[in-house]
Amino acid sequence: MIIRVVRHELKLVWSRFWVLLLVVAFLVGALTLLSHIPDFYETIVAEARPDGVAKAELLSQYRAALEALDPSEKSKIALLNFFLKTNTDQFEYFELANITTHYLGAESLATSYSFIEGAALLTVPLGIVLGLLLFVIPSKNGSIQMELSSGIKRSSLLLGKIIVGFSALLLYCLISVSVSLIAAKDNLNQLFLFAYRDGYASATFGSLLCMKSLGMLTGGVFFFVASSLLGIVLPRSYLGPSIIFAVFFLCFLFSNVKAPKWGYYGEPSGLSFKTLFLIPFSNIFLASNFGFLDESAIVSAVYLLLTAGLVSGLFVYIKKANV
Amino acid sequence: MFEIKGITKKYWRKTVLDNVSFEVDKGKICALCGVNGAGKTTLLKIMSGLVAPKSGMLLFNGEPFVFGERPVVSCLIEEPKFYPHLTGFDNLWLLYQLSGGKDKEVIHSAMEKVGLKAKENIKYSKYSLGMKKRLYLAFSIMRDSDLILLDEPFNGLDPLAVKKIKEIVVDLSKQGKTILLSSHMIVELEDIVDAAIFIDHGKIIYNNKNASGTELHKLFLEMVPAEGEAE
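Residue numbers (this note's numbering), protein chains in the order written: chain A, 1 to 323; chain B, 324 to 554.
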């Protein structure tokens, strides 16, 4: 029965071919524009290891510098400790803060990252539009009752619609991350360095992209379910989704004010654990950028729990209120 | 036979239906009459499974209703809510497939029975109100409904459209479908109904299983006092 509902929803999407075409054109256009963002920035020349300086020599210089540093210079101490602990030097890393600008010799990184950044931001309107199309509009204009009248079970109908929404988001995230990975295929192992609380951490570019796509998916699903529930509960179709979008927009601005530059390009050390929860909407992307950090796992788990709660709410509301 | 036994429904503290019981024989057309707010629509929603009652039972041939299985119930409340961007045929075909159907001929035949065969490739948004209601009746035929509930089916229709709907309803009853028509345009019902039920303030005040030929409109005015005259 659920398969019949999924097929039904896909046919309905296909029947609105021009809407589908418009959405795809919008996504492709927006992503093409966003992937050109790096062109507007200056080119950064990555620091190269000076000729004749061996890594072992550099590490011994770090050790000496560490002993000479004043204990108040915590940041420098943390950085040197990080290099010594990981047996790496400063020339093996790119700066995460400069990720959207060109690194000479590795321009594809900036294009690839800008692309997935744009795709992540577009996940928000995509999730909201899916919620509108699958749940809000059919429940407001009554077509959901026609579907129920055709003998389909309420639970199967809801589950089928949720599966279609989730699948669309999953497909979108998979395409986005695939394009990003292909664009940066020669530099996927490039290490990036970023400050983390009182220390430093690093990640390869490939893992950064993968974590980003996971964050996109979690965020997208959250926005899809939240806008569906709020859209059904509130009297006007567009009221719920508009509120969700406005809250996201404000939180996004606020989080970027709190953390200088763009929150998730910058340094997570600037954001406390508490802040991650207080500014929930936009920080799902922040969390996904640094997905290998402790906070991300917790924040993502909270989002997933919240999403599961909203899905249950949607089921209960539609059942009890006879939407 | 359909039996409605002791149905009670409350919205917050307000009792909308109070211990409503009646029976409708298979293949009969039954009128459900009452003023606005008497509880007609709520009763139809309960009978179609859209609203759950606080208490009471719905029986079909002595067995409780299992919504989604048997009896197949079609319920039209106000205007049908088909997909406006699809044609009449595509609407029925899509919903037929959703219910597991595979034979397009069923749709063609249903549309022919309601006189929409020539209009089946016109978009639903271009249909007149009468055609929209007829398409819903085609939907009921397509679903092979045992019970068809129609809430105010003549509202907003011109006399020709009313006549057409009445013809289809009579035809459906001849095919063994049971039809419950809720309306306050009682005169329109007099020539087609077999049974009649009057409902007022959530209670049944008149129940006649052989109402054919009865001047229901006159009777209704005598039995149901106008607002302000009740005391």
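Ideal Cβ placement from N, Cα and C applies to all residues, glycine included.
8 Å contact criterion, which residue i and residue j should meet: CB distance rounded
{"i": "B:T364", "j": "B:S505", "result": "7 Å"}
{"i": "B:F328", "j": "B:G379", "result": "In the sequence as presented, Phe is not what sits at residue 328 of chain B; that position holds Lys. Yes, they are in contact, since the Cβ atoms of B:K328 and B:G379 sit about 6 Å apart, within 8 Å."}
{"i": "A:L193", "j": "A:E73", "result": "Incorrect: roughly 18 Å between the Cβ atoms, too far for contact."}
{"i": "A:S112", "j": "A:S155", "result": "At roughly 42 Å, the Cβ-Cβ gap does not stay under 8 Å, so A:S112 and A:S155 are not in contact."}
{"i": "A:L169", "j": "A:L126", "result": "7 Å"}
{"i": "B:R457", "j": "B:V395", "result": "Not confirmed; about 19 Å, so no contact."}
{"i": "A:F115", "j": "A:L188", "result": "Contact doesn't hold; Cβ gap of about 14 Å is too wide."}
{"i": "B:A518", "j": "B:Y529", "result": "Incorrect: roughly 11 Å between the Cβ atoms, too far for contact."}
{"i": "B:I430", "j": "B:F412", "result": "6 Å"}
{"i": "A:F82", "j": "A:Q90", "result": "Contact flag wrong, Cβ pair sits at about 10 Å."}
{"i": "A:A110", "j": "A:K212", "result": "With a Cβ gap of about 14 Å, A:A110 and A:K212 do not count as contacting."}
{"i": "A:F223", "j": "A:I243", "result": "Contact flag wrong, Cβ pair sits at about 12 Å."}
{"i": "B:G453", "j": "B:A433", "result": "Actually they do not touch by this definition, with Cβ atoms about 17 Å apart."}
{"i": "B:I509", "j": "B:C356", "result": "5 Å"}
{"i": "A:L122", "j": "A:L27", "result": "6 Å"}
{"i": "B:I352", "j": "B:S496", "result": "5 Å"}
{"i": "A:I128", "j": "A:V5", "result": "Contact doesn't hold; Cβ gap of about 22 Å is too wide."}
{"i": "B:A461", "j": "B:L415", "result": "6 Å"}
{"i": "A:T218", "j": "A:S300", "result": "5 Å"}
{"i": "A:A184", "j": "A:S108", "result": "5 Å"}
{"i": "B:L399", "j": "B:Y450", "result": "The pair is not a contact, with the Cβ atoms about 14 Å apart (cut-off 8 Å)."}
{"i": "A:M216", "j": "A:S176", "result": "7 Å"}
Identified DSSP bridge partners for residue i
{"i": "B:L613", "result": "With chain B running from 324 to 554 in the structure shown, residue 613 of chain B is simply not present."}
{"i": "A:D331", "result": "Any answer about residue 331 of chain A is impossible in this case: the structure gives chain A only from 1 up to 323."}
{"i": "B:S505", "result": "B:L355, B:D474"}
{"i": "B:M531", "result": "Note that residue 531 of chain B corresponds to Asn in the displayed sequence, not to Met. Its beta-bridge partners are B:A519."}
{"i": "B:I327", "result": "B:F345, B:L381"}
{"i": "A:L191", "result": "A:Y93, A:T204"}
{"i": "B:K526", "result": "B:D523"}
{"i": "A:Y317", "result": "In DSSP, A:Y317 forms no bridge with anything."}
{"i": "A:L33", "result": "A:L33 is not bridged to any residue."}
{"i": "A:L157", "result": "None; A:L157 has no bridge partner."}
{"i": "B:L558", "result": "This structure gives no information on residue 558 of chain B, because the portion of chain B shown stretches from 324 to 554."}
{"i": "B:T410", "result": "B:K446"}
beta-carbon residue i near the ligand FMN non-hydrogen atom, thresh 7 Å
{"i": "A:A120", "result": "The ligand FMN is not among the ligands present in this structure, which contains no ligands whatsoever."}
Short CB-CB distance (under 8 Å) between residue i and chain E
{"i": "B:L409", "result": "Structure shown: chain E not included; protein chains present are A and B."}
Near-chain B residues of the region 163-190 of chain A (beta-carbon distance less than 8 Å), N- to C-terminal order: For the region 163-190 of chain A, the set of positions with a beta-carbon nearer than 8 Å to some beta-carbon of chain B is empty.
Runs of 3 residues minimum, wholly inside the region 361-396 of chain B: which ones carry the beta strand (DSSP E) assignment? The DSSP assignment places complete beta strand (DSSP E) segments of no fewer than 3 residues inside the region 361-396 of chain B at 378-383, in order along the chain.
Touch test, the region 133-147 of chain A against the region 192-206 of chain A, Cβ-Cβ under 8 Å, three pairs minimum: These segments do not touch.
Taking three-plus beta-carbon pairs below 8 Å as touching, is the region 494-513 of chain B in contact with the region 465-477 of chain B? Yes: at least three Cβ pairs fall under 8 Å.
Take every Cβ of the region 366-378 of chain B, pair it with every Cβ of the region 404-422 of chain B, and state whether three or more of those distances are shorter than 8 Å. Contact between the region 366-378 of chain B and the region 404-422 of chain B is absent, because fewer than three Cβ pairs lie under 8 Å.
Does the region 118-133 of chain A come within contact of the region 439-453 of chain B, defined as at least 3 CB pairs closer than 8 Å? No, because fewer than three Cβ pairs between the region 118-133 of chain A and the region 439-453 of chain B fall closer than 8 Å, the two stretches do not touch.
Complete runs of the beta strand (DSSP E) confined to the region 59-112 of chain A [at least 3 residues]: With a minimum length of 3 residues, the continuous beta strand (DSSP E) runs that stay inside the region 59-112 of chain A are 93-95.
For the region 332-347 of chain B against the region 384-400 of chain B, do three or more pairs of beta-carbon atoms, one drawn from each stretch, fall closer than 8 Å, so that the two count as touching? No: fewer than three Cβ pairs fall under 8 Å.
Taking a cut of 7 Å between CB atoms, which residues from the region 147-164 of chain A lie near chain B? Within the region 147-164 of chain A, the residues whose Cβ lies closer than 7 Å to some Cβ of chain B are E147, S149, S150, G151, I152, K153, listed in chain order.
Could you say if the region 305-320 of chain A and the region 228-247 of chain A meet the contact criterion of at least three C-beta pairs nearer than 8 Å? These segments touch.
Is it the case that the region 537-546 of chain B contacts the region 504-523 of chain B, given that we only count it when at least three CB pairs across the two stretches are under 8 Å? Yes, they touch.
Sequence ranges, alpha helix (DSSP H) only - wholly within the region 436-475 of chain B, length at least 4: If we require 4 residues or more, the alpha helix (DSSP H) runs fully inside the region 436-475 of chain B come out as 452-465.
Check each residue of the region 415-435 of chain B: if its Cβ is closer than 8 Å to any Cβ of chain A, include it; give the result in chain order. With the criterion set as a beta carbon lying under 8 Å from some beta carbon of chain A, the members of the region 415-435 of chain B are L417, L418, Y419, Q420, L421, S422, G423, in sequence order.
Only counting runs of 4 or more residues, tell me where the alpha helix (DSSP H) segments fall wholly within the region 209-260 of chain A, in order along the chain. If we require 4 residues or more, the alpha helix (DSSP H) runs fully inside the region 209-260 of chain A come out as 239-258.
Of all the residues that make up the region 1-24 of chain A, which are near chain B by a beta-carbon distance shorter than 9 Å? If the cut-off is 9 Å between Cβ atoms, the region 1-24 of chain A has M1, R4, V5, R7, H8, K11, L12, S15, R16 near chain B.
Using a Cβ-Cβ cut-off of less than 7 Å, list which residues of the region 126-148 of chain A approach chain B; keep chain order. Taking 7 Å as the Cβ-Cβ cut-off against chain B, the residues of the region 126-148 of chain A that qualify are N141, G142, S143, Q145, M146, E147.
State whether the region 161-176 of chain A contacts the region 64-72 of chain A, with contact taken as three or more CB pairs (one from each stretch) at a distance under 8 Å. With the cut-off at 8 Å, the region 161-176 of chain A and the region 64-72 of chain A do not touch.
Chain-ordered residues of the region 339-351 of chain B with a beta carbon less than 7 Å from chain A: Residues: none.
Using a beta-carbon distance cut-off of less than 8 Å, what residues from the region 457-474 of chain B approach chain A? F462, R466: these are the residues of the region 457-474 of chain B whose beta carbon lies less than 8 Å from some beta carbon of chain A, given in chain order.
Contiguous alpha helix (DSSP H) assignments of at least 4 residues, all confined to the region 2-29 of chain A: If we require 4 residues or more, the alpha helix (DSSP H) runs fully inside the region 2-29 of chain A come out as 2-15.
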